[in-house]
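Going by the numbering used here, the sequence shown opens with residue 892, and the numbers climb by one from there.
Read the structure below first, then the notes.
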Amino acid sequence: MSETILKEEERIAYALRSLYRQYGYLPYKMSKFEAYDLYVANKDFLVGDGVITFNDTDGKLLALKPDVTLSIIKNSSDENGKQKVYYHENVYRISGETKQFKEIPQVGLECIGEIGVYEVFETLLLAAKSLEKISPEFVLDVSHLGILSATLEEFACDSAFQREVMPLLAEKNLHEAAALCDKYSVDGQNKEKLLTIIRAYGNINETLSVLAPLCTSERAKESFEELKMLCALLNGSGYGDKIRLDFSVVNDMKYYNGIVFKGFVDGICEGVLSGGQYNKLMTRMHRKSGAIGFAVYLDLLQGFKKQKPAYDVDVLVLYDEQTDMETLSKQVLSITESGKSVNVRKAADKVRYDKLLDLRKGGANV
């Protein structure tokens, strides 16, 4: 990795840590090794890839830290009130694709305790601000699992339907979702409700107006009102135009509840930020507190540049039919040997350049 890339990653990490401290989050440092039992009991919560394990000198099976959130939960207490921590850690996993060990640098935060509308809003706000620290060209996709789970409950289908429909929601696969409804004899009204949720995406106000008539049960209405309030707060914060409602952001409903979200920046095809409320995970770990948090995946920022370069090429060389080809080739060779990039064309078109070498008849260099 080049020095320039390292400096950019370090700049972003420092900016994020400073941002979280500004909102009262304290640093958290986890140990490099954790008992494997912690992760095997919640392996579905991990982001897909395997855990690297080894035996300690006493024979106890340990894991090379594959996740920070589980460690924070383990080392926090319901008796300590609200706990707000941020971290900058490398986690280690086995790649599902290459089967090789991989190191994943992350910066993130967790808020554990009583989680109300303000705590959720602040987390979404910090997620938006985090993305802005990376690039001004970003979008934060937000979903509400309360609306989704309440809607699915109305279908009166067994748990197999929910297991099968979740990946189709994530893929926005309307065709297969419709076929699945037919397979489980979902009535036409509920089928159309599900397809409308899958299609729902975009601007806060427009998408809320689409969702409102779909939320008919009491639980769905409560979740909708919470989402509506959060959207109003985000609009008031100045980030409303960067938020998109998108129910393809689902996460695992065994662990997550309420708001879940994913962040993207222009120039990177994968989500660089992911998070949500995970009260259900807290319950599974015998905790009374609620929790919400997110992580920024710094490994995806390798090679990413915050600002586009001012030009496409160092030197643009223009030529025509009367240009001496030997002179042209020597000039190109000289430019490339000096370490600069060059683009040879008959017309400038829309190429952005630092220097112009015009070898056309009557041409003038800039």
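The C-beta atom is built at its ideal place from N, Cα and C for all residues, glycine as well.
Per-residue burial, residue 1036 [other beta carbons within 10 Å of its own, 16 or more giving buried]
So residue 1036 counts as buried.
Among 1003, 949 and 919, nearest to residue 1169 - alpha-carbon criterion
Residue 1169 has its Cα closest to that of 1003, out of 1003, 949 and 919.
I'd like to check one pair, residue 1138 with residue 1060: are the Cβ atoms closer than 8 Å?
If you check the CB distance, residue 1060 and residue 1138 come in under 8 Å.
Do you know offhand how far residue 1024's Cα is from residue 1189's?
Between the alpha carbons of residue 1024 and residue 1189 lies a distance of about 12 Å.
Taking 8 Å as the threshold (C-beta atoms), are residue 1134 and residue 1022 in contact?
Against a cut-off of 8 Å, the Cβ pair of residue 1134 and residue 1022 comes out as no contact.
How big is the Cα-Cα spacing for residue 838 and residue 1158?
Coverage of the chain is limited to positions 892 through 1257, which leaves residue 838 absent and any answer about it impossible.
Less than 7 Å between C-beta atoms, sequence neighbours within five positions excluded: which residues of the same chain meet that for residue 1165?
Excluding sequence positions up to five before and after residue 1165, its CB lies within less than 7 Å of the CB of 1153, 1185 and 1186, all in the same chain and listed in chain order.
DSSP-derived helix/strand/coil call for residue 1161:
The answer is coil: DSSP assigns residue 1161 none of H, G, I, E or B.
DSSP state of residue 1236, grouped into three classes?
Three-state result, residue 1236: strand.
Below 7 Å CB to CB, which residues in the same chain sit around residue 1111 once its five sequence neighbours on both sides are set aside?
Around residue 1111, the same chain offers 1038, 1041 and 1042 as residues with beta carbons nearer than 7 Å, after the five sequence neighbours per side are excluded.
What does a CB cutoff of less than 7 Å around residue 916 pick up in its chain, not counting 5 residues either side in sequence?
Contacts found: 975, 976, 977 and 1000.
Just how far apart, CA to CA, sit residue 1034 and residue 1122?
Looking at the two C-alpha atoms, the distance is approximately 11 Å.
Who are the Cβ neighbours of residue 900 in its own chain at under 8 Å, not counting the five residues just before and after it?
Here the set comprises 996, 1189, 1192 and 1193.
Three-pair Cβ contact test at 8 Å for the stretch 1079-1094 versus the stretch 1005-1019:
At 8 Å Cβ cutoff, the stretches do not touch.
Return helix, strand or coil for residue 1212, following the three-state DSSP convention.
Here residue 1212 sits in coil by DSSP.
Hey, which unbroken runs of the alpha helix (DSSP H) at 4 residues or more fall wholly within the stretch 1034-1080?
Listed in chain order, they are 1036-1044, 1050-1062 and 1065-1074.
Beta-carbon proximity list for residue 1053, same chain, < 7 Å, skipping 5 on both sides
So the list reads 1043, once near-sequence residues are dropped.
On the three-pair Cβ rule with 8 Å, is the stretch 1226-1241 touching the stretch 1200-1209?
Output reads yes: the stretch 1200-1209 touches the stretch 1226-1241.
Give the single residue among 1098, 1162, 1051 and 1126 whose Cα lies nearest to the Cα of residue 1136.
Checked all of 1098, 1162, 1051 and 1126; the closest Cα to residue 1136 is 1098.
Smallest Cα separation from residue 1180: which of 963, 925 and 968?
Residue 1180 has its Cα closest to that of 968, out of 963, 925 and 968.
Start-to-end residues for the alpha helix (DSSP H) that takes in residue 1019
First-last of the alpha helix (DSSP H) with residue 1019: 1008-1025.
Could you give the DSSP three-state label for residue 892: helix, strand or coil?
Only weak support is given to the placement of residue 892: the predicted model assigns it a pLDDT of 43, under 50, and the question is left unresolved by the model.
Let me make sure I understand the geometry here. Which of 1178, 1162, 1182 and 1224 has the alpha-carbon closest to that of residue 1150?
Ranking 1178, 1162, 1182 and 1224 by Cα distance to residue 1150 puts 1182 first.
Would you identify the three-state DSSP class for residue 1182, choosing helix, strand or coil?
Of the three classes helix, strand and coil, the one that applies to residue 1182 here is strand, per DSSP.
Enumerated in chain order, which unbroken segments of the alpha helix (DSSP H) with a length of 4 residues or greater are wholly contained in the stretch 947-998?
With a minimum length of 4 residues, the continuous alpha helix (DSSP H) runs that stay inside the stretch 947-998 are 960-965.
For residue 1156, I'd like the list of residues in its chain whose CB is within less than 7 Å of its CB, leaving aside the five on either flank, ordered along the chain.
Counting only Cβ-Cβ distances below 7 Å, and skipping sequence neighbours, we find 1022, 1025, 1026, 1028, 1029 and 1163.
So, at 7 Å on beta carbons, what are the nonlocal neighbours of residue 1288 in its own chain, with the 5 sequence-adjacent residues on each side left out?
For the chain, the structure presents residues 892 to 1257; residue 1288 sits outside this window and is missing.
Would you check if the distance between the CB atom of residue 1223 and the CB atom of residue 1242 is smaller than 8 Å?
In this structure, residue 1242 does not lie closer than 8 Å to residue 1223 by Cβ.
May I ask you to list the residues that DSSP assigns as paired with residue 1204?
Within the DSSP secondary-structure output, residue 1204 pairs in a beta bridge with 1244.
Looking at the secondary structure, which residues open and close the alpha helix (DSSP H) in which residue 1115 lies?
Start and end: 1109-1128.
Shortest alpha-carbon distance to residue 1246 belongs to which of 1220, 905, 1209 and 910?
Among 1220, 905, 1209 and 910, the Cα nearest to that of residue 1246 is on 1209.
Between the beta-carbon of residue 1063 and the beta-carbon of residue 1095, is there less than 8 Å?
Residue 1095 is positioned such that its CB atom lies no closer than 8 Å to that of residue 1063.
Starting from residue 1094, trace the beta strand (DSSP E) in both directions and tell me its first and last residue.
Residues 1092-1094.
In angstroms with no decimal places, state the Cα-to-Cα distance between residue 972 and residue 965.
So the two alpha carbons sit approximately 15 Å from each other.
Exposed or buried, which one is residue 1120 when buried takes at least 16 other CB atoms within 10 Å?
It is exposed - the Cβ of residue 1120 has fewer than 16 other Cβ atoms within 10 Å.
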